[in-house]
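Under the working numbering, the sequence shown has 362 at position 362, and the numbering climbs by one with no breaks.
To keep things clear, I will list the structure first and then write my remarks on it.
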Amino acid sequence: MGEFVVRGGRRLEGTIRVHGAKNAALPIMAASVLASSPVTLEGVPRLRDVDVMIQVLTALGAVVTWSGTALTIDPTDIHAYVIPQELMQKMRASIFVIGPLLARLGHAVAIQPGGCSIGDRPIDIHIYGLSQLGAEVTEDEMGTQLHAPELKAGTVHLSYPSVGATENLMMAAARIPGETRIRNAAMEPEIVDLAQFLEKMGATVRGAGTSDIRIVGQRELVGVTHTIIPDRVEAATFALAAAATGGHVTLENCIAEHLPGLTGRLRDLGVEVKEHEGDLVEITAPDRYRTTPISLHTGPYPGFATDMQAQFMAFLLKVPGVHIISERVFENRLGHARELRRMGAQIVADQRVALIYGGKALHGAEVRALDLRAGAALVIAGLAADGETVIEDREVIERGYQDLDVRLQQLGADMESR
Ligand code: UD1
1 MGEFVVRGGR RLEGTIRVHG AKNAALPIMA ASVLASSPVT LEGVPRLRDV DVMIQVLTAL
61 GAVVTWSGTA LTIDPTDIHA YVIPQELMQK MRASIFVIGP LLARLGHAVA IQPGGCSIGD
121 RPIDIHIYGL SQLGAEVTED EMGTQLHAPE LKAGTVHLSY PSVGATENLM MAAARIPGET
181 RIRNAAMEPE IVDLAQFLEK MGATVRGAGT SDIRIVGQRE LVGVTHTIIP DRVEAATFAL
241 AAAATGGHVT LENCIAEHLP GLTGRLRDLG VEVKEHEGDL VEITAPDRYR TTPISLHTGP
301 YPGFATDMQA QFMAFLLKVP GVHIISERVF ENRLGHAREL RRMGAQIVAD QRVALIYGGK
361 ALHGAEVRAL DLRAGAALVI AGLAADGETV IEDREVIERG YQDLDVRLQQ LGADMESR
């Protein structure tokens, strides 16, 4: 495994372009299984998780090719319905193909997937939802077998607005004639992007972005061209890196409305957040932060995104005051507190709640990226600390950030990978 080396103390300055969203690209890539002709996706980030999804689709029989920044997926010959176990364990998002596979081939096998080490992350809501649409569910030594010669439209009420389960059900429903309704659905921007993609392919989707989604599917969906929305988590990471280093950074390809919890809080703390025409957002940190205690909890969209929580904690270390962060989406997503403490951070945390004593000096240290966003938090802390920080397991961070070192160098960071 490699490392990132960050020498802190420099203000970030300049302009950076936000890439396409990993969490929109992965389900949309999976949804291409539903099409009867090739799909072309623009703006897919070149990430390790995207590579795993390409391997999953290839193993199922699709032909996937890059051409510059466009990814073409030809699903015409998809015939297999078992995802190789090692791929399923490499990435949780491989679960996204079970809905489309079931709708197209009448079979799918779900194995408890891998992913970040932030909690158990069961798949019961996905399975329950698909069973409500007529899938027969049995367990055997391979995993959970789903079987449905014909899925049936119906109403599914989710016990929690799971992003992945909502997406799986939307994809399956896109191929079922009749109206399927998903109640207590997730409302994330990535759901809206998937809905737009399914609509282009021929399904009718109403209510995406609300908790009540209605889909009328078509037996045949056609391949289309689609551009992935900007990555709001990547945008938040750069904004927080700018804010933590006293910087001034303009984000290109950034949709400010996708950052509801973040921009308001940054403004409360004296960071200037200016929204310009053409999806430009300009972040200017104040000369110094005043003592301002902050309390936040994560939640489903439009709540504060769990995927921005670790980076926000790293930033809060620069703001004087006693702050509280409560993680309510995943049961074990505060592991970065321990790594940040190695850098001099004063944080008390249990599995769900962290108390952060902000405004104290940070120093470089040897730390480890425990999961993707925890790793991004360590990069932010490293940029804001005195001295050298070595972040081990940089590959974990590269699951979700493309060329992070090179792009931060362009903003003046002293950072390299080795
Ligand atoms: C997606 C995102 C991930 C983000 C998360 C929450 C992708 C590829 N990943 O993950 O980056 O952190 O949304 O915004 O889009 N749960 C169950 N049973 C299930 C499904 C989920 O109990 O069947 C629980 C999970 O353990 C977790 C919570 O629901 O505690 C939220 O999970 P979910 O919204 O499904 O997240 P993902 O779709 O896996």
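We put the CB at the ideal spot given by N, CA and C, even for glycine.
Keep in mind it's a predicted model, so treat the numbers as computed, not measured.
{"query": "Below 8 Å on the Cβ atoms is my guess for Ile95 versus Ile123; work out the distance and round it to an integer in Å.", "result": "6 Å"}
{"query": "Under the rule that 16 or more other beta-carbon atoms within 10 Å means buried, what is Ala235, buried or exposed?", "result": "buried"}
{"query": "Whether or not the stretch 182-192 and the stretch 39-52 are in contact is what I'm after, with contact meaning three or more pairs of Cβ atoms, one per stretch, closer than 8 Å; do they touch?", "result": "no"}
{"query": "Would you say Pro302 touches the ligand UD1, meaning its beta carbon is less than 7 Å from a heavy atom?", "result": "no"}
{"query": "To the nearest angstrom, how far is it from the Cα of Ala305 to the Cα of Tyr357?", "result": "22 Å"}
{"query": "To the nearest angstrom, how far is the alpha carbon of Arg181 from that of Ala203?", "result": "13 Å"}
{"query": "Which whole-angstrom value describes the C-beta separation of Ser211 and Pro161, a residue pair presumed to lie in contact below a C-beta threshold of 8 Å?", "result": "7 Å"}
{"query": "With DSSP run on the structure shown, which of helix, strand or coil describes Pro45?", "result": "coil"}
{"query": "Report the start-end ranges of each alpha helix (DSSP H) in the stretch 291-350 that is 4 residues or longer and not cut off at the edges.", "result": "309-316 and 336-341"}
{"query": "Arg206 to His226, Cα distance in whole Å?", "result": "19 Å"}
{"query": "Using a C-beta cutoff of 8 Å, does Glu388 count as contacting chain B?", "result": "Structure shown: chain B not included; a single protein chain is present."}
{"query": "So if DSSP puts Phe96 in a beta bridge, which residue, or which two residues, is it bridged to?", "result": "Per DSSP, none; premise fails for Phe96."}
{"query": "Give the DSSP bridge partners of Asp212, in chain order.", "result": "Arg183"}
{"query": "Among residues of its own chain, excluding the 5 on either side of Gly115, which ones have a beta-carbon nearer than 8 Å to its beta-carbon?", "result": "At Gly115, the pLDDT of 49 sits below 50, so the modelled position is not reliable; the number obtained from the coordinates is stated separately. Excluding sequence neighbours, Gly115 sits near Met91, Arg92, Ala93 and Arg121."}
{"query": "Is any non-hydrogen atom of the ligand UD1 found closer than 7 Å to the C-beta of Val419, if you look at the structure I gave you?", "result": "This structure does not reach residue 419, given that the chain is present from 1 up to 418, and the question cannot be answered."}
{"query": "Are there 16 or more other CB atoms within 10 angstroms of the CB of Thr237, so buried, or fewer, so exposed?", "result": "buried"}
{"query": "When you compare the stretch 214-231 with the stretch 21-30, are there three or more beta-carbon pairs, one atom per stretch, that lie closer than 8 Å?", "result": "yes"}
{"query": "Cβ of Ser131 versus every heavy atom of the ligand UD1: is any distance shorter than 7 Å?", "result": "no"}
{"query": "Going by beta carbon distance, what residues of the same chain come within less than 8 Å of Leu221, once the five residues before and after it are set aside?", "result": "Leu34, Ala35, Ser36, Ala174, Arg175, Leu198, Met201, Gly202 and Ala203"}
{"query": "Check Gln410 in the structure and name its three-state DSSP category.", "result": "helix"}
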